Amino acid sequence: MSVVGWLKKDGKWKMNRVVGLMLVVLAALVSLVGCFYTPYDPNAMDATLKNASPSLAHLFGTDNFGRDVLSRVMKGAGTTFAVGLSVVTIGAVGGCLVGAFTGYFGGKADLILMRFNDAVAAIPSILLALVFVGVFGSGTVQLIAALGILFIPSFARVVRSGFVVQKELDYVKNARLMGASHLRIMFVHILPNIKGSLLSALAIGFNNAVLSEAAMSYLSLGVQPPDASLGRMLSEAQPYLFRAPWNAVAPGLMILFSVLGVGLLSLEGGAKHD
Amino acid sequence: MTNEAKLSKDRALLTVKDLSVAFLRYGRGDKTVVKKVSFQLAEGEILGIAGESGSGKSMTALAVMGLLPENAKRTCEAMLFDGMSLCVPATKRTARKAKKQEEALRLGLSGKEMAMIFQEPLTSLNPVQTIGTQMEEPLLLHTSLTAEERKAAVLTALSNAELKNGEQLLSQYPHHLSGGMRQRVMIAMAMINKPRLLICDEPTTALDAVTEREIVSLIRKLAKEQNTAVIFISHDLYVLRDLCDRVMIMKDGKVVEEGETEQVFEHPERTYTKSLMKAAVKGPKETVSAVNGAVSDAEARDGETVLSVENLSVVYKQRAGLFKKPTEKHAVNEVSFAVQKGEIFGIVGESGCGKSTLLKAVSGLLTGYTGEVSLQVSAPCANKEEMWEQSPDGKKKEAGVQMVFQDPYTSLNPAKKVGWILEEPLRLNTTLTKEERLPLVQTILRETELPLDVIDRYVAELSGGQRQRVAITAALITNPELVLLDEPVSALDVTVQAQILELLLRLQKEHGLTYVFVSHDMAVVRKICDRVLVMKDGKVVECGATEDLFLRPQEEYTKKLLGE
Amino acid sequence: MRYFMKKTIALVVTLLLAAFLTFLAFEVIPSDAAVANLSIDATDEEIEALREAMGLNRPLMVRYGSFLLGALTGDFGESTQYRIPVSELLSDRFGVTVSLALLSFVLIVGISVPFGIFAARVKSKAGEGFVAFLTQTMMAVPPFFLGMLITLLFGIVLRWFTPGAYVPAGEDFFGFLGFMIFPAIAVAVPKIGMSVRFLQGSLKEQMGADYVRTARSKGCTNRRVLWRHVLRNALVPVVTFLTMVMAEILAGSIVIEQVFNLSGVGRLLAVSISARDFPVVRAIVLYTTAVVVLLNYGADLICRFMDPRIKEL
Numbered sequence: 032m033s034v035v036g037w038l039k040k041d042g043k044w045k046m047n048r049v050v051g052l053m054l055v056v057l058a059a060l061v062s063l064v065g066c067f068y069t070p071y072d073p074n075a076m077d078a079t080l081k082n083a084s085p086s087l088a089h090l091f092g093t094d095n096f097g098r099d100v101l102s103r104v105m106k107g108a109g110t111t112f113a114v115g116l117s118v119v120t121i122g123a124v125g126g127c128l129v130g131a132f133t134g135y136f137g138g139k140a141d142l143i144l145m146r147f148n149d150a151v152a153a154i155p156s157i158l159l160a161l162v163f164v165g166v167f168g169s170g171t172v173q174l175i176a177a178l179g180i181l182f183i184p185s186f187a188r189v190v191r192s193g194f195v196v197q198k199e200l201d202y203v204k205n206a207r208l209m210g211a212s213h214l215r216i217m218f219v220h221i222l223p224n225i226k227g228s229l230l231s232a233l234a235i236g237f238n239n240a241v242l243s244e245a246a247m248s249y250l251s252l253g254v255q256p257p258d259a260s261l262g263r264m265l266s267e268a269q270p271y272l273f274r275a276p277w278n279a280v281a282p283g284l285m286i287l288f289s290v291l292g293v294g295l296l297s298l299e300g301g302a303k304h305d
Numbered sequence: 285m286t287n288e289a290k291l292s293k294d295r296a297l298l299t300v301k302d303l304s305v306a307f308l309r310y311g312r313g314d315k316t317v318v319k320k321v322s323f324q325l326a327e328g329e330i331l332g333i334a335g336e337s338g339s340g341k342s343m344t345a346l347a348v349m350g351l352l353p354e355n356a357k358r359t360c361e362a363m364l365f366d367g368m369s370l371c372v373p374a375t376k377r378t379a380r381k382a383k384k385q386e387e388a389l390r391l392g393l394s395g396k397e398m399a400m401i402f403q404e405p406l407t408s409l410n411p412v413q414t415i416g417t418q419m420e421e422p423l424l425l426h427t428s429l430t431a432e433e434r435k436a437a438v439l440t441a442l443s444n445a446e447l448k449n450g451e452q453l454l455s456q457y458p459h460h461l462s463g464g465m466r467q468r469v470m471i472a473m474a475m476i477n478k479p480r481l482l483i484c485d486e487p488t489t490a491l492d493a494v495t496e497r498e499i500v501s502l503i504r505k506l507a508k509e510q511n512t513a514v515i516f517i518s519h520d521l522y523v524l525r526d527l528c529d530r531v532m533i534m535k536d537g538k539v540v541e542e543g544e545t546e547q548v549f550e551h552p553e554r555t556y557t558k559s560l561m562k563a564a565v566k567g568p569k570e571t572v573s574a575v576n577g578a579v580s581d582a583e584a585r586d587g588e589t590v591l592s593v594e595n596l597s598v599v600y601k602q603r604a605g606l607f608k609k610p611t612e613k614h615a616v617n618e619v620s621f622a623v624q625k626g627e628i629f630g631i632v633g634e635s636g637c638g639k640s641t642l643l644k645a646v647s648g649l650l651t652g653y654t655g656e657v658s659l660q661v662s663a664p665c666a667n668k669e670e671m672w673e674q675s676p677d678g679k680k681k682e683a684g685v686q687m688v689f690q691d692p693y694t695s696l697n698p699a700k701k702v703g704w705i706l707e708e709p710l711r712l713n714t715t716l717t718k719e720e721r722l723p724l725v726q727t728i729l730r731e732t733e734l735p736l737d738v739i740d741r742y743v744a745e746l747s748g749g750q751r752q753r754v755a756i757t758a759a760l761i762t763n764p765e766l767v768l769l770d771e772p773v774s775a776l777d778v779t780v781q782a783q784i785l786e787l788l789l790r791l792q793k794e795h796g797l798t799y800v801f802v803s804h805d806m807a808v809v810r811k812i813c814d815r816v817l818v819m820k821d822g823k824v825v826e827c828g829a830t831e832d833l834f835l836r837p838q839e840e841y842t843k844k845l846l847g848e
Numbered sequence: 034m035r036y037f038m039k040k041t042i043a044l045v046v047t048l049l050l051a052a053f054l055t056f057l058a059f060e061v062i063p064s065d066a067a068v069a070n071l072s073i074d075a076t077d078e079e080i081e082a083l084r085e086a087m088g089l090n091r092p093l094m095v096r097y098g099s100f101l102l103g104a105l106t107g108d109f110g111e112s113t114q115y116r117i118p119v120s121e122l123l124s125d126r127f128g129v130t131v132s133l134a135l136l137s138f139v140l141i142v143g144i145s146v147p148f149g150i151f152a153a154r155v156k157s158k159a160g161e162g163f164v165a166f167l168t169q170t171m172m173a174v175p176p177f178f179l180g181m182l183i184t185l186l187f188g189i190v191l192r193w194f195t196p197g198a199y200v201p202a203g204e205d206f207f208g209f210l211g212f213m214i215f216p217a218i219a220v221a222v223p224k225i226g227m228s229v230r231f232l233q234g235s236l237k238e239q240m241g242a243d244y245v246r247t248a249r250s251k252g253c254t255n256r257r258v259l260w261r262h263v264l265r266n267a268l269v270p271v272v273t274f275l276t277m278v279m280a281e282i283l284a285g286s287i288v289i290e291q292v293f294n295l296s297g298v299g300r301l302l303a304v305s306i307s308a309r310d311f312p313v314v315r316a317i318v319l320y321t322t323a324v325v326v327l328l329n330y331g332a333d334l335i336c337r338f339m340d341p342r343i344k345e346l
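Chains as they are written, first to last, in the numbering used here: chain A, 32 to 305; chain B, 285 to 848; chain C, 34 to 346.
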């Protein structure tokens, strides 16, 4: 399917997809370019340029240490998205395995695991992440590990509920009669059928991960200085909010746009009739 | 017909002229599902509308009631109920006003002068309101009765619908009741204001054969007592013939034929009507003359037993809860039978009689049973290498048990293309390469009369009949010795049903296959099976050669099933 | 009644389990509390003596027992950072957090229920798109960024409140409200976006249900269909959803208290984690978990009351 075909429905542009794709592409470009090139060294301080307002030389101005905000946003977005992607990957792979096995086989193990899962899921993930970081110390790796593990239950729940429904369907029985192994049924026959809910869980998970990273780093419990991350930048910008609001607005909007973009892309849109 | 009846017939209660219903679709043009349908209904008359799915019969009814979905648009020349126009003609400018007018009239008539019952009584009742609350709503909306009077009226209506314990029912919720009781509640609720028109949209499709007959006779009784005109929609021609004064046959949104019931059934004029009648005809199995030089039935069954089941029992145990004792339920109770090679063995019974559980145990999908199931067939994946070696006479070696399920929507993997689905059994059971598998798939597709391009399509893109053909193809591709058919035609329209049965019979003849055919539909069983086993509550009621059993049923229950 | 008992037993079991996990989490900390309390150059004997004094050498289950007993009586030991009982530290801060959470919850329910009903009735493509875009945007704003924007706009530019100057409710209730409304908005906005979407989805699903057609066939007006038939069905999942939102409000307040410089439980938690003040962290985690579990219990009972089909555990 072509991109344009995907963006259109019944000859009309689907605005949520168009806007969403633009925002996601923008966010991806900014962070990817930031990996290889930034206008200035994101960590280079310049005492003569503290909290300078936006200008041609510094499009988004400079921060309290005279660092270029645009460069830091580019670098920071990379860090934030990398954390988000790693977290979602850990959560999705772990969740798929746990959810597939418990959902497909059921039984006592499923009962106990799901009880545990429910208990973990009932508690807000940021609280658990805080405890995790409290116990194992703060830092990017600990943050990814903490959020990644904490995201497993939510993916497991989605995958499990998909499996519980799908395994009762006749095509699964049919596959059994054909002599397919349990593993093959789980991952070749059933998994493609829950692609839809898994994709939207991925989108929601990514957004939650980005927002959680930002919140944790804002509380100085995530990415550590001098590394730039969007949440970190917001926390550093707060004391100078009145003098240099651009310090906060640039990273804030970057988070907003990327999360909004992914959110819009994952929207189930369009009329469901015929 | 008495003079009085004739007189009332002359006065049309409902006149519909050139009714069309279209679904609005952005950018793709509208999709018309009802095309210029016209009919009249006299006071107290029962009109049946028959047609297969997609014929527009339900949409016609909903259009009369003003209950079409929001993206549907209805247009008509005239729609008069007792002289009142249900469909106000409007130009673009007056559309809003006309719609308001229609809505006001609809609110006044619906539930009072005209009422409707639907196919699924469970979902059609509000799950969080008591029966009492829901029953009295039409009274609340259309009468000025006091609370006690309403309660009395509700109780009367319930007893009219032959429901006992009305008092107790009032405080119960829909999920407490059985399917038949729910539909009775729906009928009682629809009839509570003694409407002059009752529209029934497939009201018995979700019910058992026995319950179906009870509901139909209830509708007939109430309609007669209160002189209510009825529009009865069904795909089941026998129900219509039994109930209706007149019938109307619809196809693709158009009326194909209309007339007095007997006239239409005895002397159908249109080819489509004829094919419908032919498909629905109840009769014995046609002894097809041997095709392709295959030996005749009797000789094919040279006593070789393919499947024998002895004292099979399946017990479902409900685990003990914190406050509950463990309970046991015999889903299948001491069932024994044997199936000979080359025969079609039928198992019939109402839903919940254990026939599906029995089939699961035979197929090996269910293991927790007691008793003996012995299959004289090789396991599906026993001889991977040999299976597709062809013997000198071109016949494939046989392998295993395969199954065809009721609903091809769920029995075929929706995430895969048909080609993949058909190749999967070969992939699992043979060592054939990708290049070798494709021609095999193509060959068998030709046999099941499917176009070859289905290989590249998803199941959702096929019609119901095509889907079931794919399911049959997938089951037969490994050339199994025993094929279990679990209600294989129940989800299909009658004409498609006939085609699929024909296909099954032909394949059985040509390849000497053995079928176990499970169904709740006596007519279908009679048409295809050599021997039949009747089940009730997990037990065998009766077993014998099909024609013997149909012509001379021994047991009361069998007679009841046959509708005698 | 049976349902009630089952749920209550499950509640007690869950609470005990949560308490045990919280207890255990801080038992596996690489450096134990005794080490954390002493300077780096403490000798092994000194550490051992303190361990003995703090009761860290007793068996695990005994310590769990005394921890549980302490938790029930509100005794969580002493904060290693402030050297005062944890319960004292918490009691000062509960008011702020609870009032922030309640105020946000009132905002969320008060705005999203009517707006959700309105959104479910929007028919036009453009209208649907607008609602979707609006709710997605609300959900995408990081609450602390929103808090900063609110501080900037209402606190610094418009001067509607003085940033950082919390007014206790006891002194000046309207002053308190005038201040707290701003952090509450920051907490509420993303949740309003979520709730509106959820309620809209739930209502739309119910509006397509078969029983709606039945109600209309009885002559119900659209208004009656919505209020008498659809709403109660649609609200059942919403109750469970709102419990989850409430739990997230509690979590969200951790960050928002930081932004608005409120001395609440959340801020204390963040500070205590940085300072590795584990008795405080443990107490807060246990309390929050207990609140969340109790909320779920309450939601289950409400759902049972609203939907007669729920019978099994």
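All C-beta atoms, glycine included, are put in the ideal place defined by N, C-alpha and C.
Keep in mind that this is a model prediction, so the values were computed, not measured.
Counted within 10 angstroms of its Cβ, other Cβ atoms place residue i as buried (16 or more) or exposed
i                  : result
Ala-52 of chain C  : buried
Lys-843 of chain B : exposed
Pro-257 of chain A : exposed
Ser-2 of chain A   : Since the displayed chain A opens at 32 and closes at 305, residue 2 of chain A lies outside it and no answer follows.
Length of the line joining the Cα atoms of residue i and residue j
i                  : j                  : result
Ala-211 of chain A : Val-818 of chain B : 33 Å
Leu-295 of chain A : Arg-230 of chain C : 13 Å
Glu-397 of chain B : Ile-333 of chain B : 21 Å
Asp-832 of chain B : Gly-847 of chain B : 16 Å
Val-305 of chain B : Lys-535 of chain B : 14 Å
Thr-120 of chain A : Gly-179 of chain A : 8 Å
Asp-677 of chain B : Ile-761 of chain B : Reliability fails at Asp-677 of chain B, whose pLDDT of 36 lies under 50, so the model's placement of it is uncertain and the value that follows must be treated cautiously. In a straight line, the C-alpha of Asp-677 of chain B is about 18 Å away from that of Ile-761 of chain B.
Residues that residue i contacts on chain A, provided the C-beta gap is smaller than 8 Å
i                  : result
Ile-189 of chain C : Leu-272 and Phe-273
Contacting residues, own chain, Cβ-Cβ under 8 Å from residue i (five flanking each side not counted)
i                  : result
Ala-759 of chain B : Gln-686, Met-687, Val-688 and Val-767
Ser-112 of chain C : Pro-118, Val-119, Leu-122, Ser-305, Asp-310, Pro-312 and Val-313
His-519 of chain B : Ala-334, Gly-335, Glu-336, Ser-337, Glu-486, Thr-489, Asp-777 and Val-778
Proximal residues of chain A, C-beta to C-beta of residue i below 9 Å
i                  : result
Val-307 of chain C : A small correction: the amino acid at residue 307 of chain C is Ser; Val does not occupy that position in the sequence shown. Under the 9 Å cutoff, chain A gives Gly-165, Ser-169, Leu-250, Ser-251 and Leu-252.
Contact set between residue i and chain B, taken where Cβ atoms lie within less than 7 Å
i                  : result
Leu-207 of chain A : It should be noted that the sequence gives Arg, not Leu, for residue 207 of chain A. Simply Leu-649.
Chain-ordered chain C contacts of residue i [CB-CB under 8 Å]
i                  : result
Tyr-457 of chain B : Pro-341 and Arg-342
Other residues of its chain near residue i: CB distance less than 7 Å, five sequence neighbours each side excluded
i                  : result
Glu-8 of chain C   : Given that chain C is displayed from residue 34 to residue 346, the structure contains no residue 8 of chain C and the question cannot be resolved.
Leu-797 of chain B : Val-767 and Leu-791
Arg-249 of chain C : Val-258
Own chain partners of residue i with C-beta closer than 6 Å, once the 5 adjacent residues on each side are dropped
i                  : result
Val-272 of chain C : Ala-332, Ile-335 and Cys-336
> Closer than 8 Å, Cβ to any Cβ of chain B: which residues of the region 91-107 of chain A, in chain order?
Replying inline: none
> Looking at chain B, which residues of the region 265-278 of chain C have a Cβ within less than 8 Å of any of its Cβ atoms?
Replying inline: Arg-265, Asn-266 and Val-269
>> Can you pull out the residues from the region 397-420 of chain B whose beta carbon lies closer than 7 Å to at least one beta carbon of chain C?
In response: Ala-399, Met-400, Phe-402, Glu-404, Thr-407, Ser-408, Leu-409, Asn-410, Pro-411 and Val-412
> Name the residues in the region 347-363 of chain B whose C-beta lies less than 9 Å from a C-beta of chain C; which are they?
Replying inline: Met-349, Gly-350, Leu-351, Pro-353 and Glu-354
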